[in-house]
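Student:
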Amino acid sequence: MCLMQEEVSRQEVFLSHDFTKNSTMSGCSPFKMRLVHLDLKGAPPRVCYLSEIFPLFRALGANGLLIEYEDMFPYEGHLRLLRAKHAYSPSEIKEILHLATLNELEVIPLVQTFGHMEFVLKHEALAHLREVALFPNTLNPHKAESLALVGAMIDQVMALHPGARWLHIGCDEVYYLGEGEDSRQWLQQEPNTRAELCLSYMEAVASHVQARHPTTTPLVWDDMLRDIPEDQLSASRVPQLVEPVLWDYGADLDVHSKALLMEKYRKSGFSWLWAASAFKGATGASQALTPIEHHLRNHMQWLQVAGSVPADTLQGIVLTGWQRYDHFSVLCELLPVGIPSLAVCLQVLLHGGFAENVKARVENFLGTSSLEATDFRSERAGSFPGSDILNLITQVSLHLCSSVDALLERDRYVTGWFSPYHRRRKFIHPVMIQHIQPQAHRRSGGVAGGKRAPQPAAAAGSAAGSG
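Numbering of the sequence shown is given in full-length UniProt numbering, commencing with residue 1 and proceeding in unit increments.
1. Taking Pro-310 as the reference, which of Met-262, Ala-440 and Phe-135 has the closest Cα?
2. Report the residue ranges of all alpha helix (DSSP H) runs contained in full by the segment 43-68; include only those spanning at least 4 residues, in chain order.
3. Closest to Leu-121 by CA distance: which of Pro-136, Thr-283, His-142 and Gly-115 is it?
4. Check whether the segment 317-333 touches the segment 39-49, taking contact to mean three or more Cβ pairs, one atom from each stretch, closer than 8 Å.
5. Just to confirm, is the Cβ distance from His-295 to Val-344 under 9 Å?
6. Starting from the C-beta of Glu-118, find all residues in its chain whose C-beta is less than 8 Å away, skip the five residues before and the five after it, and write them out in chain order.
7. How would you call Gly-307, buried or exposed, if buried means at least 16 neighbouring beta carbons within 10 angstroms?
8. Is the segment 203-219 touching the segment 178-192 in the sense that three or more CB pairs, one from each, lie closer than 8 Å?
9. Under a three-way DSSP split, which group does Ser-370 fall into?
10. Do you know how far the Cα of Val-238 is from the Cα of Ala-278?
11. Which residues bound the alpha helix (DSSP H) around Met-33?
12. By Cβ distance below 7 Å, which residues in the same chain neighbour His-299 in space, the five residues on each side in sequence not counted?
13. Would you say Ser-286 and Leu-331 are within 9 Å of each other, going by their C-beta atoms?
14. For Ile-317, which three-state DSSP category applies?
15. Span of the alpha helix (DSSP H) holding Leu-331?
16. Run through DSSP, which three-state label would Glu-293 get?
17. Are the segment 54-62 and the segment 76-91 in contact at 8 Å, needing three or more beta carbon pairs?
18. Quick test of the definition: if touching needs 3 or more C-beta pairs under 8 Å, does the segment 109-116 touch the segment 140-160?
19. Taking C-alpha atoms, which residue in Met-158, Phe-73, Leu-97 and Gly-269 lies nearest to Gln-240?
20. Check whether the Cβ of Glu-131 lies closer than 9 Å to any Cβ atom in chain C.
21. Give every residue of the same chain whose Cβ lies closer than 7 Å to the Cβ of Met-224, excluding the five residues on either side of it in the sequence, and list them in chain order.
22. Could you spell out where the beta strand (DSSP E) holding Trp-221 opens and where it closes?
23. Restricting to Cα atoms, I'd like to know which of His-351, Gly-382 and Val-255 is closest to Leu-366.
24. Tell me whether the beta-carbon of Phe-73 lies closer than 9 Å to the beta-carbon of Ala-275.
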């Protein structure tokens with residue numbers, strides 16, 4: 001993995017000169033709302049770090065946050081089993097919201113209610129609510145207890161977010177929907193379809209939000225809606241209840257197809273649409289360094305989409321920053337590592353392109369003289385909150401991983417006398433230490449310049465909070 005990561009990073013270090021030279025500038029963002037997504041299901045930041053980074057978010061052009069708590073929310077009562085050991089306390093949630101208000105960042109909470117329910121359905125006490133008994137990702141939409149469960153989750157989250165104008169209820173990647181025993185029996189009855197099953201459950205959850213929190217509009221990820229015919233969408237109540245968030249994280253996003261999809265949604269009755277891009281966490285489940293050019297191109301494509309639809313179509317854009325692909329996967333890029341990419345992407349959305357003067361603005365915001373990834377392993381990594389973590393991870397990814405791999409796999413003393421067998425049993429010939437130790441010191445000597453490594457705890461938080 002380390003060698004592969006090094007190859008990816010060097011192939012896509014940053015931006016070609018042509019990208020900045022040929023960039024066009026509109027000077028006005030087509031996205032009224034620009035939300036930074038905080039994915040808290042892995043390495044959740046400490047509140048003290050958020051107090052440092054929120055002002056930078058605002059300065060870069062963000063005016064909102066989409067906070068996906070997952071198991072970091074302090075659920076109470078019969079939902080207490082959902083909270084992680086290191087979940088935020090209610091007072092910490094209030095402090096986060098206060099910090100957001102101080103920095104003019106509107107908060108939209110996100111509660112998964114259909115797919116990506118691993119953090120709920122992994123628990124034995126709730127396993128009977130799975131769509132498919134073997135898999136903990138999707139909730140059974142037929143059981144009244146399922147709707148009662150997500151309703152209680154929503155109500156507890158909303159109690160700590162009074163006045164929220166929007167609530168994101170997830171509903172993406174509802175894998176294996178229709179494959180559970182209850183669903184199979186339901187689908188055997190005419191004219192029931194998988195699409196109708198999806199729509200009816202979305203309607204039920206959104207209706208709960210409307211009834212209990214009438215001033216709050218639900219948002220949903222759009223992928224489960226894309227293939228549903230326009231007339232079937234129109235015949236349901238879903239377009240009157242929710243606003244879909246169209247997500248696409250590709251550098252080669254198809255602008256024309258996306259514009260046609262938006263037109264279909266508008267004709268189906270949705271009053272407002274949202275877009276969702278990615279500034280990190282979308283190029284590999286174990287990605288360590290953020291390939292900034294990929295994310296820049298993604299945002300340039302979204303600008304083209306916004307320019308090809310009527311001005312009253314888009315409510316805003318969510319810049320997603322995934323921390324895990326799902327509850328059980330490893331971490332991808334930590335938030336501090338993705339900050340340079342976020343800075344580039346927000347400034348692109350704000351200024352309509354990435355000309356040289358915008359690049360200079362980004363470098364100034366970050367306190368760096370260069371946006372080349374190879375420079376992030378030096379003192380030029382920047383002065384933004386978390387830059388020391390970016391510096392350390394860059395050094396590890398671009399230097400230490402390949403160096404250690406070479407030592408472990410190709411050095412004859414290591415392969416012969418310090419193999420995995422020897423390491424598991426902590427068994428080695430003392431003479432061989434004299435051959436191996438100098439090489440190990442030499443290969444690791446470049447990391448952190450021989451100095452004490454920076455402490456990442458304040459920024460990266462504890463991964464123990466999830467999974």
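We put the CB at the ideal spot given by N, CA and C, even for glycine.
Tutor: Once the coordinates are examined:
1. Met-262
2. Counting only runs of at least 4 residues, the segment 43-68 fully encloses the following alpha helix (DSSP H) elements, listed from N- to C-terminal order: 47-60.
3. Pro-136
4. Flag = yes, the segment 317-333 and the segment 39-49 touch.
5. Cβ atoms of His-295 and Val-344: closer than 9 Å.
6. Apart from the 5 residues on each side of it in sequence, Glu-118 sits with its Cβ closer than 8 Å to the Cβ of Pro-136, Asn-137, Asp-326, His-327 and Phe-328 in its chain, given in chain order.
7. exposed
8. no
9. coil
10. 26 Å
11. Premise fails: Met-33 lies in the beta strand (DSSP E), 33-39, not in any alpha helix (DSSP H).
12. Ser-277, Cys-345, Val-348 and Leu-349
13. yes
14. Ile-317: strand per DSSP, three-state reduction.
15. From DSSP, Leu-331 is part of no alpha helix (DSSP H); its letter is neither H nor E.
16. helix
17. no
18. yes
19. Gly-269
20. The question asks about chain C, but that chain is absent: this structure has only one protein chain.
21. Cys-171, Asp-172, Val-174 and Cys-198
22. 217-221
23. Ranking the options by Cα distance to Leu-366, first place goes to Gly-382.
24. Cβ atoms of Phe-73 and Ala-275: not closer than 9 Å.
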